[in-house]
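Peer 1:
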Amino acid sequence: MSDASIKGPGYRVGFDAETATVHFEGTLRLGTAEYEPIAALLGGVLAARPPAITLRMTELVFLNSSGINTLYKFVIAIRKLGDVAVHVEASSTITWQGKSLPNLRKFLPSITLTMS
11 MSDASIKGPG YRVGFDAETA TVHFEGTLRL GTAEYEPIAA LLGGVLAARP PAITLRMTEL
71 VFLNSSGINT LYKFVIAIRK LGDVAVHVEA SSTITWQGKS LPNLRKFLPS ITLTMS
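In this note's numbering, the protein residues as written are 11 to 126.
1) Specify the secondary structure class of E35 as computed by DSSP and reduced to three states.
2) Select from S75, L51 and Y45 the residue whose C-alpha is nearest the C-alpha of W106.
3) Taking Y45 as part of the alpha helix (DSSP H), name the residues at either end of that continuous run.
4) Contact check, T68 vs S101 under 8 Å by CB: the rounded distance?
5) A57 by DSSP, collapsed to three states: which one?
6) Helix, strand or coil for T29, going by three-state DSSP, please let me know.
7) Among the residues of its own chain, which have a CB less than 6 Å from the CB of E28, if the five just before and after it don't count?
8) In the structure shown, what three-state DSSP assignment does V85 receive?
9) My guess is that R39 and F72 are in contact by the Cβ rule of under 8 Å, so how many angstroms apart are they, rounded?
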């Protein structure tokens, strides 16, 4: 998959193919159906079968429960493949990240999480 980006009011989700990094920025308060383009982007990343994927969340100020569900489904899809390493970069100053992102390990125990 080549570079891709989805932008909306107050948010951006982009994929850098060279580094296999998905960047999340801004505030995501979308309805469940509105996450479909983001889920499709994540599915495209997975279809490219990179050996490792980085999820950079350090600039994502807010993610609602529909977005968290989308993220969890992505991680479950990675687990089913079985051979993709995942690293999550998060911010210790953004409250929701410290509460929700460690739960990704329930779905993919091998995930690494860095809180800066």
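Ideal Cβ placement from N, Cα and C applies to all residues, glycine included. Source: prediction; values computed, not measured.
Peer 2: Reading from the atomic positions:
1) For the purposes of this step, residue 35 is taken as the residue at position 25 of the sequence shown. Note: E35 maps to strand in three-state DSSP.
2) Here residue 106 corresponds to residue number 96 of the sequence shown, with the count starting at 1. Of the listed residues, the one whose Cα sits closest to W106 is S75.
3) Indexing the sequence shown from 1 puts residue 45 at position 35. Boundaries cannot be given for Y45, as no alpha helix (DSSP H) includes it and DSSP labels it neither H nor E.
4) If you number the sequence shown from 1, residue 68 lands on position 58. If you number the sequence shown from 1, residue 101 lands on position 91. Correct: roughly 5 Å between the Cβ atoms.
5) Taking the sequence shown and counting its residues from 1, the one referred to as residue 57 is at position 47. Looking at A57 - three-state DSSP - the assignment turns out to be helix.
6) Here residue 29 refers to the residue found at position 19 of the sequence shown. Looking at T29 - three-state DSSP - the assignment turns out to be coil, as it is neither helix nor strand.
7) For the purposes of this step, residue 28 is taken as the residue at position 18 of the sequence shown. Cβ neighbours of E28 within its own chain (closer than 6 Å, five residues either side excluded): none.
8) For the purposes of this step, residue 85 is identified with residue 75 of the sequence shown, where counting begins at 1. Helix.
9) Walking along the sequence shown from the start, residue 39 turns up at place 29. Walking along the sequence shown from the start, residue 72 turns up at place 62. That pair is a contact at about 7 Å.
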